[in-house]
Every structure is written in C-alpha cells, then in structure tokens.
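Line by line, the protein sequences are chains P and B. Residue numbering for the first sequence follows this note's numbering, starting at 53 and increasing by one per position. Residue numbering for the second sequence follows this note's numbering, starting at 2 and increasing by one per position. Please read the structure below before turning to the comments.
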Amino acid sequence: MSPPAIRHPGLLLGEGHPDVNENAEEMLFGFWVFLMSDAIVFGLLFATYAAMLHGTAGGPGPKTLYDIKSAFMETLALLSSTFTYGMATLSLKYRTRGGSLITWLLVTLGLAVIFLGLEVHDFISMLDKGGWPERSGFLSAFFALVPLHGLHVTSGCIWMIALIGQVAVYGIDKDVKLGLLRLGLFWHFLDIVWIVIFSVVYLGGLA
Amino acid sequence: MTLVHFIFGRLGFDSLPFWDAVKDPTFGNIVNSAIATFAASLVLFGGALTAGLITYYGKWRVLWSEWLTSVDHKRIGIMYIVLAFVMLARALIEAALMRGQQAFGLGGGFLSPEHFGQLFSTHGSIMIFFMAMPFLTGMINFVMPLQIGARDVSFPVMNSVSLGLTTAGAALVMISLVLGKFSTGGWSGYPPYTEIPFNPGVGPDYWIWAISLSSVGSMLTGINFAVTIYKQRAPGMTLFRMPLFTWTALCTSILMIFAMPPLTVATALLALDRYLGFHFFTNGFGGNMMNYANLFWLFGHPEVYILILPSFGIYSEVFSTFSGKTLYGYVSLVLATMSIGVLSFTVWLHHFFTMGQSANVNAVFGTATMLIGIPTGVKVYDWILTMYRGRVRFTVPLVYALAFMMLFVIGGLTGIILANPSLDYQVHNTLFLVAHFHNMLIPGLLFGMLAGYHFWFPKAFGFRLHERWGMVSALCWIAGFVLAFFPLYALGLLGYPRRTLAFFNPVYLPYMIVAFVGALVILAAFTSLVIQLVVSVRRREELRVPAGDPWDGRSLEWATAAPPPEYNFAVLPTVTGRDAFMHSKETGHAYGVPVRFTGIKMPKNSAMGFAVCVGGGLLGFALVWHIWWLCVAASLGLCAVMIGRGYARDTEKIIPAAEVERDHMRWLATVAASRPVTRAHEIEPANDGRAVPPFLEAAE
Numbered sequence: 053m054s055p056p057a058i059r060h061p062g063l064l065l066g067e068g069h070p071d072v073n074e075n076a077e078e079m080l081f082g083f084w085v086f087l088m089s090d091a092i093v094f095g096l097l098f099a100t101y102a103a104m105l106h107g108t109a110g111g112p113g114p115k116t117l118y119d120i121k122s123a124f125m126e127t128l129a130l131l132s133s134t135f136t137y138g139m140a141t142l143s144l145k146y147r148t149r150g151g152s153l154i155t156w157l158l159v160t161l162g163l164a165v166i167f168l169g170l171e172v173h174d175f176i177s178m179l180d181k182g183g184w185p186e187r188s189g190f191l192s193a194f195f196a197l198v199p200l201h202g203l204h205v206t207s208g209c210i211w212m213i214a215l216i217g218q219v220a221v222y223g224i225d226k227d228v229k230l231g232l233l234r235l236g237l238f239w240h241f242l243d244i245v246w247i248v249i250f251s252v253v254y255l256g257g258l259a
Numbered sequence: 002m003t004l005v006h007f008i009f010g011r012l013g014f015d016s017l018p019f020w021d022a023v024k025d026p027t028f029g030n031i032v033n034s035a036i037a038t039f040a041a042s043l044v045l046f047g048g049a050l051t052a053g054l055i056t057y058y059g060k061w062r063v064l065w066s067e068w069l070t071s072v073d074h075k076r077i078g079i080m081y082i083v084l085a086f087v088m089l090a091r092a093l094i095e096a097a098l099m100r101g102q103q104a105f106g107l108g109g110g111f112l113s114p115e116h117f118g119q120l121f122s123t124h125g126s127i128m129i130f131f132m133a134m135p136f137l138t139g140m141i142n143f144v145m146p147l148q149i150g151a152r153d154v155s156f157p158v159m160n161s162v163s164l165g166l167t168t169a170g171a172a173l174v175m176i177s178l179v180l181g182k183f184s185t186g187g188w189s190g191y192p193p194y195t196e197i198p199f200n201p202g203v204g205p206d207y208w209i210w211a212i213s214l215s216s217v218g219s220m221l222t223g224i225n226f227a228v229t230i231y232k233q234r235a236p237g238m239t240l241f242r243m244p245l246f247t248w249t250a251l252c253t254s255i256l257m258i259f260a261m262p263p264l265t266v267a268t269a270l271l272a273l274d275r276y277l278g279f280h281f282f283t284n285g286f287g288g289n290m291m292n293y294a295n296l297f298w299l300f301g302h303p304e305v306y307i308l309i310l311p312s313f314g315i316y317s318e319v320f321s322t323f324s325g326k327t328l329y330g331y332v333s334l335v336l337a338t339m340s341i342g343v344l345s346f347t348v349w350l351h352h353f354f355t356m357g358q359s360a361n362v363n364a365v366f367g368t369a370t371m372l373i374g375i376p377t378g379v380k381v382y383d384w385i386l387t388m389y390r391g392r393v394r395f396t397v398p399l400v401y402a403l404a405f406m407m408l409f410v411i412g413g414l415t416g417i418i419l420a421n422p423s424l425d426y427q428v429h430n431t432l433f434l435v436a437h438f439h440n441m442l443i444p445g446l447l448f449g450m451l452a453g454y455h456f457w458f459p460k461a462f463g464f465r466l467h468e469r470w471g472m473v474s475a476l477c478w479i480a481g482f483v484l485a486f487f488p489l490y491a492l493g494l495l496g497y498p499r500r501t502l503a504f505f506n507p508v509y510l511p512y513m514i515v516a517f518v519g520a521l522v523i524l525a526a527f528t529s530l531v532i533q534l535v536v537s538v539r540r541r542e543e544l545r546v547p548a549g550d551p552w553d554g555r556s557l558e559w560a561t562a563a564p565p566p567e568y569n570f571a572v573l574p575t576v577t578g579r580d581a582f583m584h585s586k587e588t589g590h591a592y593g594v595p596v597r598f599t600g601i602k603m604p605k606n607s608a609m610g611f612a613v614c615v616g617g618g619l620l621g622f623a624l625v626w627h628i629w630w631l632c633v634a635a636s637l638g639l640c641a642v643m644i645g646r647g648y649a650r651d652t653e654k655i656i657p658a659a660e661v662e663r664d665h666m667r668w669l670a671t672v673a674a675s676r677p678v679t680r681a682h683e684i685e686p687a688n689d690g691r692a693v694p695p696f697l698e699a700a701e
C-alpha cells in the first residue's frame with residue numbers, strides 16, 4: 053500500500069522528494085495559518101491608513117510626498133523577485149544541475165536589496181519634504197504600514213541568507229527544503245501585500 | 002547623557018515602592034507605600050523561597066531537564082496552569098484590597114487614587130492575560146492531544162516558545178510591583194489617557210509590553226492547536242467524532258489566530274505613539290482614539306469567547322461523564338460553538354455604544370449581540386438534557402458545573418439588558434457592567450477551569466484531589482461570588498461608576514460591605530484550594546489511580562496510564578465512533594495487548610522556549626525603562642536564537658519498541674491488579690482508576 057498522497061496548497065515537491073513528505077503537509081499548513089494571521093495585521097493597518105488618510109493636520113499629503121516612479125520601480129523589483137524565487141523552487145523540485153538553486157536565490161536576494169534600497173530612498177525623500185511620522189496621523193499610518201512590509205522583506209532576506217548558510221553546512225536536506233517551501237509562501241505573500249500597498253497607498257493616494 | 006543614565010535608563014531610586022514615603026512622609030503616602038512595599042517583598046520573598054526550596058531539595062537539574070526545556074505538551078500544560086495559579090493568587094489579593102477600600106470608602110478610604118488605579122489595572126490585565134489565558138491554554142495543552150489520540154502537538158518547540166512569551170509577560174507584571182508603577186489605565190489601556198502627555202511614566206509601558214508578549218504567545222498557541230487538531234487526529238477520529246472539549250479548543254484556537262493580531266496592532270501603535278511620537282491616538286495632529294477602541298475590541302470581544310468556549314467544552318465533558326450518559330445533542334453543541342465563534346466577530350461595538358456612532362449602527366450591533374444568546378441557550382438545554390435520567394454524581398466538577406449553569410443564565414440575562422443600547426446608556430461604565438462580566442467570567446471561565454482541574458488532575462499526576470476540601474472550596478467560590486458580585490448589580494443601578502475610589506452617599510455602604518465579605522469568602526475559597534492540594538499530595542497513596550480511569554471516562558485521554566507516558570499511547574488508537582474509550586470498554590476491547598510494538602519518534606528537549614522567555618523578558622524590561630543597549634542586545638540575542646534554531650538537525654529521538662512494550666505491559670498488569678470500582682465508590686480510596694461501566698455493574 054502506498055502512503056497517502058501529500059496534499060497542501062502551494063508547490064508540491066512531489067515523488068522525487070520522499071524525505072520531506074512526512075512533515076511537509078503539517079509544516080506548510082501551519083505556515084499558511086500563520087500567514088492568515090499576518091494578513092490580519094496588514095489588513096488592520098490598511099484599515100487604519102484608510103481611516104487616517106484625511107488626518108493630515110495641515111501637513112503634507114500624498115500628492116506632495118509620494119513618488120510614483122520610484123514606487124513603480126520598487127514594484128518591478130519585487131515582482132521580478134517573486135518570479136526568480138519561483139525559479140529557485142523549480143530548481144529545487146526538479147533538482148537541476150549545479151548551483152542553479154543558489155544562483156536563483158542570490159538573484160532574488162539582489163532584487164530584494166534593490167527594492168529595499170529604493171524604498172529607503174523614498175522614505176528619506178519623504179522626510180526631506182517634511183513628511184515625518186510625528187507630523188500627522190496620516191503620516192503615522194503610512195509609516196506603520198509601508199515600513200512594516202519593508203521589515204518583512206528584510207526578515208525574509210535574513211531568512212534566505214540563513215537558508216543558504218544551511219545549504220552550505222548540510223546540503224539540500226529535508227529541513228532546508230521545508231524552509232525553502234515556507235520562505236516561498238512568505239515571499240509570495242509579501243508580493244501580494246505589496247500589490248495592495250501599491251494600489252491602495254500609492255495609486256489611491258495620487259488618484 | 003550620563004553613564005549612569007546610559008546603563009540604567011530611567012531606573013533610579015525613585016523606582017522603589019517606598020520612595021514616596023521617604024520623600025514625602027504624609028500619612029496617606031506611608032499607608033500606600035507600606036502596602037506596595039509589602040507586596041514587593043512578597044514577590045521577592047516568594048521568588049527567594051522557591052529558589053531556596055529547589056536548592057534545598059537539589060532539584061535544579063530536574064527542573065531544567067524535565068520541565069523548563071521539556072517540549073512535552075503535558076508538562077507545558079502543567080506549567081501554564083502553575084503560572085495561572087500564581088497569578089490568580091496575586092490578582093485575588095488585589096481584588097480583596099479593592100473591595101476593602103470601597104467597604105471603607107465612604108468619605109475616602111485608605112488607598113490613594115493612583116494606587117487604586119494600579120490595582121484595578123493589574124487585576125484586570127492579570128486575570129485576563131495571565132490567569133485565564135494560561136489556565137485555558139494549559140488545559141487544552143494537556144487534554145486535547147490525548148483526546149484526539151496524538152503523541153504531541155504539531156509544533157512542540159513552538160509550544161514551549163509560546164509558554165516562554167506568556168511567562169515573560171507575566172514576569173514583567175510581577176517586576177512592576179518591585180520597580181516602578183504599573184499603568185492606571187485599566188486592562189483596556191484606553192488612549193489618550195495612556196499617551197505621554199497624561200502618563201509619561203513607565204506604567205503604560207509595562208502594560209504595553211506585558212500584553213504584547215502574551216498576545217504573540219497566544220497567537221502562536223492558536224496556530225499550534227488548530228494545526229494539531231486538523232492534522233494529528235488518530236485514525237478514524239473524524240471531526241464529528243471528536244470530544245466536545247476538542248471542538249471548543251478548535252474554535253478557541255481559530256479565534257486566537259484571528260483575534261490576537263488586532264491586540265498586537267493596537268498595543269504596537271500605542272507604543273509608536275509613546276516611543277516615537279506618532280499620532281495614532283493622540284488628541285491633536287489627526288490622531289483618533291476611536292481607532293484604538295475599534296482595534297482593541299475587535300480583539301476584546303472574540304477574546305471573551307476564547308476565554309469561555311474551552312470551559313463550555315469542560316462542562317460538556319463533566320455533565321456527560323458524571324451523568325454516565327453520552328452527551329445530549331452533540332451536533333447541536335458543535336454547531337452552537339461554531340456559531341458563537343462566528344458571531345463573536347460581529348459584536349465588538351457594543352463595548353462602546355455611548356461613544357458617538359449613530360443609533361442605527363448601535364441597533365445593528367445590539368441585535369447581533371442578542372443573537373449570541375441563542376446558541377448559548379441551546380447549550381444550556383443540551384446540558385440539562387444530558388443529566389436527564391442520567392446517573393448524576395455530585396462530585397466537585399459537577400457542583401461547579403451546576404453552579405455555572407444557574408449563575409451563567411442570570412449573567413446572560415443582564416447581558417441582554419446591556420445589549421440594548423438605550424438601556425446600556427443607563428448602566429454604561431457603572432458597577433452593573435462590572436457585575437455582569439464577572440458574572441460571565443467567574444462561573445463561565447473560572448468555575449469551568451476549576452472543574453477541569455479536579456477532573457483531569459488524576460490523569461496528570463496519578464492521584465485524585467481530596468474530595469471534601471474540594472467541596473469546601475467549591476461552595477466558598479459559589480457563595481463568595483454571589484456575595485461579592487450581586488450587590489454590584491444594585492450598586493450599578495444606583496449609579497455607582499466603575500473604577501471609582503470612594504463615595505459620599507451612605508446609601509452605597511451596605512452593598513459595599515456585603516461585597517467585601519464576598520471577597521473574603523473568595524479568599525477562603527482560594528485558601529481551601531491550596532489546602533486541598535497539600536492534603537492531596539500528603540495522602541496521595543490512598544488517592545492513587547494508576548489504572549488511569551477514575552471517573553468511568555468516555556474519551557481517549559482515559560485510555561492510557563495516569564500519568565500518561567511521554568508518548569501518550571503505546572500504539573495509536575483506532576477510533577470507530579464518538580465516546581471512543583467508553584465504546585471500547587463496552588465491547589470489551591479496552592486494555593487489550595497490542596499485536597506489535599514499534600519504536601516511537603518523539604521531539605528532543607529544547608532550550609528555545611526558555612531562551613525566548615529570557616530574551617523577550619529582557620527586551621520588554623529594557624523598553625519599559627529605556628535601557629537602549631539592553632534592547633539592542635536582547636533583540637540581537639533573540640534573532641541569533643531563531644536563526645540558530647534553523648541549524649539544529651538532531652531534534653528527534655526514538656523511544657525503542659522494547660521500552661514502550663515494557664512500560665505498556667507494566668501498566669496493563671497494574672490495571673489487571675486493580676479492583677474494578679462501581680460509581681457508588683468513586684470517591685473512596687478503593688478507586689484505583691479502573692471503572693466498571695454501569696451496564697456491567699449488576700455483574701459485580
């Protein structure tokens with residue numbers, strides 16, 4: 053009798069990876085549940101942002117502060133990184149030769165660094181224009197929501213580096229695979245959050 | 002910035018509890034400082050005594066290797082409940098002090114307003130976050146994996162991390178007795194009062210970080226329990242065969258997953274306001290405290306059901322077991338539980354009917370609130386019908402359950418009154434409300450937890466609790482509750498505002514005195530619980546139930562030894578219906594010898610939970626006192642621990658088949674040697690934990 057098929061939402065590593073099958077379902081399901089909880093955090097911050105949009109207290113508003121060009125470039129960088137992370141997972145699944153998994157991870161990491169760099173640049177230029185979080189409720193809401201996403205991306209990067217380190221020490225073993233699958237969910241989740249930020253905060257603010 | 006300020010932040014001699022009396026020795030200051038200093042020395046003395054006893058008995062190694070680093074769900078559950086009892090003791094003393102203040106409150110009393118404010122803030126925060134939450138989390142931790150026939154929870158190390166976070170939060174509240182002052186903003190910490198302009202001191206910061214630590218811990222707990230219930234059930238244990246306690250655990254976990262984030266967000270935004278000058282809830286600059294009210298109660302209302310549903314589960318088990326009948330209306334109870342779970346997210350606004358929204362909005366939320374009465378009513382009828390024509394035994398858990406049923410219905414009725422916005426305007430912010438939620442939470446939550454404590458104690462430790470002292474305690478709890486809180490309904494209707502130090506109208510006095518007597522009776526109830534524990538430990542030989550089934554139990558937790566082995570079941574049970582263990586007793590399959598034993602894979606101990614406890618506690622402490630170097634160090638430490646954990650590989654051990662077989666056969670021999678006991682002799686020393694099901698009693 054063959055063991056019951058492993059089923060979980062997201063990319064299945066499939067039959068070539070008998071080592072992960074035992075734990076994958078439970079691990080990944082648990083991580084999905086965590087993401088739901090995290091989504092509530094973002095949802096509430098979006099609601100807070102919407103509620104405080106007009107609380108500018110005479111300070112600068114979205115039209116003065118936001119730079120759509122830069123935000124668009126950030127979007128491109130982050131969306132590309134989600135594609136390259138997908139390529140990394142496919143290399144994992146099909147065990148492609150050589151260091152292609154690591155290469156794709158490093159490319160993803162590079163794109164994430166570009167994203168973060170642009171974002172920090174954005175924040176600094178907002179501060180230059182007088183857009184400090186202490187200035188108004190609106191800016192407080194902005195600086196709670198958008199940098200929190202950036203913080204998530206940063207922790208995703210640290211996680212990725214830690215996983216690359218694990219590959220260096222142990223090779224691509226069961227725990228690395230499970231870690232990469234979870235990080236993948238996290239990474240794509242952050243992409244979705246960013247799409248909402250781009251639409252609601254930047255496009256909505258400038259509309 | 003001086004070096005001293007760099008090292009100690011805001012800490013100084015003025016943080017000590019007797020500083021006010023030294024600096025300005027008025028009579029009032031001396032009384033309040035004396036009380037605060039006595040409390041602080043109790044904390045220090047308690048800590049020193051515990052450490053001394055552990056050293057005296059040479060138990061540090063045992064404590065470390067079998068408890069603090071354990072990832073066994075049963076031990077983690079027990080540690081949660083120990084934490085709950087310690088915090089319960091403190092919060093009860095505070096409650097009695099407040100009732101004492103008000104009993105002498107005609108024209109002033111003896112406490113300062115500041116001190117009184119700290120008392121009701123710590124009392125509320127502790128009772129919700131560090132008594133009720135750990136108690137129910139511990140209960141679910143211990144019982145649920147056994148009930149579904151699992152070996153542990155899905156993420157055992159994360160389980161100990163959750164415990165560590167909750168403990169760190171509780172430790173901060175305890176430290177606030179010794180260093181500095183706690184918040185005076187109540188358990189809900191409403192801004193703008195808790196903002197810097199009104200409260201620049203450390204009080205609200207203590208509250209923020211204690212609550213944040215525990216809310217993250219509870220969120221992780223929720224994930225852990227829900228995944229365990231979805232993924233770890235024994236073969237054949239379909240969802241609709243789960244014991245009702247497990248159903249309520251599932252519903253509570255789902256609520257934790259969705260309701261804890263709003264609290265984390267609320268406290269985090271308040272912290273941004275206080276630490277970095279943001280303007281979320283401030284009076285000016287576009288801030289709006291209504292956002293806080295919404296966020297907080299978006300957590301706060303589901304929280305009520307997080308607290309109460311596990312108790313509903315315990316009552317279901319208790320009514321069914323001590324009536325010797327299968328639970329009446331199982332499916333309706335499950336549906337009622339899940340409906341309450343959904344409805345709990347639709348009523349948060351009834352916590353602030355008076356805060357300015359339109360009458361139509363209030364009407365919608367008032368109606369939604371009343372709807373919750375329907376599934377709750379269904380439950381009460383189901384429990385009554387479970388007892389109907391059953392063989393009801395008046396043991397301690399059943400006495401708690403009966404008291405709950407009667408008192409809870411009264412509390413529910415006053416809830417319907419409060420759900421009506423126009424009536425709510427009359428009693429809002431009065432002691433009527435205080436009476437109402439104590440009426441829901443003491444019979445609803447606490448009596449349930451105490452019933453569960455009596456019910457499952459023999460499973461956890463292998464001996465029963467002393468019945469007579471348990472009964473004394475239960476009756477004191479019930480009488481004390483009625484005396485302490487029913488007068489508060491009257492006081493509220495007479496217009497006495499909540500959280501008010503003193504009064505000048507003598508009409509309140511008689512009620513206040515009765516309520517104070519009630520508080521003293523409740524203290525007696527707690528004392529009896531402590532005495533009961535001591536007596537039970539002393540007489541453990543005659544109370545022993547090694548066969549593991551003292552109450553003629555129905556679900557799987559009774560199908561293993563007491564205390565259960567680390568891996569719970571030598572061979573995972575196969576389930577064919579509800580009341581799985583009762584079924585196997587009836588068909589004669591209980592206590593069978595397995596065909597084959599195999600080695601069992603179990604998680605190894607981990608110091609991760611302890612490390613997070615220390616790191617999280619230090620981080621919170623450093624944030625409260627603005628000790629920035631310690632903040633950085635603790636954060637880096639926490640990161641290092643988390644990254645380092647990813648590099649751990651050797652995290653599992655195999656318990657060899659021979660060892661499993663040896664222990665299991667020894668237990669079966671114990672069962673065979675135990676005298677079967679009928680329900681008539683349930684609370685006598687003859688009860689070794691081997692029950693004779695009723696249908697076999699005639700043969701005995």
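Glycine included, C-beta positions come from ideal geometry on N, C-alpha and C. For clarity, every value in this text was computed on a predicted model and none was experimentally measured.
Note that the segment 681-700 of chain B touches the segment 581-593 of chain B; at least 3 beta-carbon pairs, one per stretch, sit closer than 8 Å. Restricted to the segment 111-161 of chain B, the alpha helix (DSSP H) segments that are unbroken, complete and at least 4 residues in length are 114-126, 134-148, listed in chain order. Contacts between G278(B) and chain P, judged by CB atoms closer than 7 Å, involve E186 in chain order. With respect to M88(P), L230(P) sits apart: the two C-beta atoms are not nearer than 7 Å. Contact between the segment 199-211 of chain B and the segment 178-188 of chain B is present, with at least three C-beta pairs closer than 8 Å.
Any Cβ of chain B closer than 7 Å to the Cβ of E78(P) would place that residue at the interface, and such an atom is present. Distance between T575(B) and M238(B), taken at the CA atoms: about 8 Å.
Of the residues S16(B), T3(B), L4(B), the one whose Cα lies closest to the Cα of W626(B) is S16(B). Against chain P, the CB of P157(B) has no partner CB under 7 Å away; the residue lies outside that interface. Within chain P, the residues V85 have their CB atoms less than 8 Å from the CB of A227(B), given in chain order. By DSSP's assignment, K602(B) forms a beta bridge with I655(B).
Listed in chain order, the positions of the segment 88-103 of chain P with a beta carbon within less than 7 Å of a beta carbon of chain B are M88, S89, I92, V93, L96, L97, T100, A103. A straight line joining the alpha-carbon of I411(B) with that of D225(P) spans about 59 Å. Judged by DSSP in its simplified three-state form, A692(B) adopts strand.
F238(P) is outside the set of residues whose beta carbon lies under 7 Å from a beta carbon in chain B.
Buried is the label assigned to S161(B), since at least 16 other Cβ atoms lie within 10 Å of its Cβ. Collapsing the DSSP output to three states places V546(B) in coil. Counting along the chain, L310(B) sits inside the alpha helix (DSSP H) bounded by residues 290-324. Annotation: the continuous alpha helix (DSSP H) that includes F83(P) extends over 70-104. Contact annotation for Y316(B) against chain P: no contact, minimum CB-CB distance about 28 Å [criterion: below 7 Å].
Contact between Y316(B) and G449(B) holds: their C-beta atoms lie close to 6 Å from each other, under 8 Å. Judged by DSSP in its simplified three-state form, P185(P) adopts coil rather than helix or strand. The C-beta distance from T136(P) to L232(P) rounds to 13 Å, too long to fall under 8 Å, and the pair is not in contact. About 6 Å separates the beta carbon of D664(B) from that of P566(B), a gap short enough to meet the 8 Å contact definition. Where A35(B) is concerned, the enclosing alpha helix (DSSP H) starts and stops at 28-57. Listed along chain B are H280, F281, F286, G287, G288, N289, each with a C-beta nearer than 7 Å to that of G189(P).
Take the alpha-carbon of A172(B) and the one of G256(P): they are about 45 Å apart. Per DSSP, reduced to three states, the secondary structure at V678(B) is strand. Shortest Cα-Cα distance from G638(B) to any of E653(B), G618(B), I655(B) involves G618(B).
Taken through DSSP and simplified to helix, strand or coil, T431(B) comes out as strand.
DSSP places S216(B) in the uninterrupted alpha helix (DSSP H) bounded by 204-232. With a cutoff of 7 Å on beta-carbon distance, F458(B) and L466(B) are scored as near each other.
P193(B) has a beta carbon lying at 7 Å or more from every beta carbon in chain P. For M220(B), the residues of chain P that pass the 8 Å Cβ criterion are S89, in the order they occur in the chain. Measuring C-alpha to C-alpha distances from H173(P) to each of A123(P), T148(P), W211(P) identifies A123(P) as the nearest. The C-beta distance from M291(B) to L221(B) rounds to 30 Å, too long to fall under 8 Å, and the pair is not in contact.
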